[in-house]
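J.: Quick one: structure below, then a few questions.
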Amino acid sequence: MTEPQFTAKGVRIERWPRSLTRAGEVRIEDGRLSLLTSYGSEIDSAPVTSVRAGRPWFAKPDETVATVNGTRYRLTMDGPARGPKDRASGPGGFLEALKRATKGLGES
């Protein structure tokens, strides 16, 4: 089993208009994006090439929006385990890791 390219824990995952978990996990591993509950159950997953993600102008600095299998999720990455200076596991790190994973699969 390979090490994940990106992992963020303590993520609030919402599917409008309700919250699915307040302490979930976002993981990019082996070319797939997975959204997991705090218990490790899968909420949704898809190949990174079919995932759309970005930061809308109205989003808070710790939020991003990802569309996985046609469903929009709001991901808030400000979990209690992270300090304010840990940007690698925040929204910017997530978007960059998703871009790298997508690019890496396209070059194969």
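FYI, in this note's numbering the residues of the sequence shown are 374 to 481. Beta carbons: idealized from backbone N, C-alpha and C, even for Gly.
1) Label Gly397 either buried or exposed according to how many other C-beta atoms from any shown protein chain fall within 10 Å of its C-beta, with 16 as the threshold for buried.
2) Under three-state DSSP, which class holds Val399?
3) Which partner residues of Ile416 appear in the DSSP bridge assignment?
4) What separation, rounded to the nearest whole angstrom, lies between the Cα atoms of Thr444 and Gln378?
5) Using the rule of at least 16 other Cβ atoms within 10 Å of the residue's Cβ for burial, across every protein chain shown, is Phe467 buried or exposed?
6) Please state whether DSSP places Ala470 in a helix, a strand or coil.
7) Report the three-state DSSP secondary structure of Val424 (helix, strand or coil).
T.: Taking the geometry as given:
1) It is buried - the Cβ of Gly397 has at least 16 other Cβ atoms within 10 Å.
2) In the structure shown, Val399 sits in a strand (DSSP, three-state: E or B).
3) DSSP lists no partner for Ile416.
4) Spanning the alpha carbons of Thr444 and Gln378 requires a straight line of approximately 23 Å.
5) The residue in question, Phe467, is buried, as its Cβ has 16 or more Cβ neighbours within 10 Å.
6) The three-state reading of DSSP puts Ala470 in helix, counting H, G and I together.
7) Residue state, collapsed to three classes: coil.
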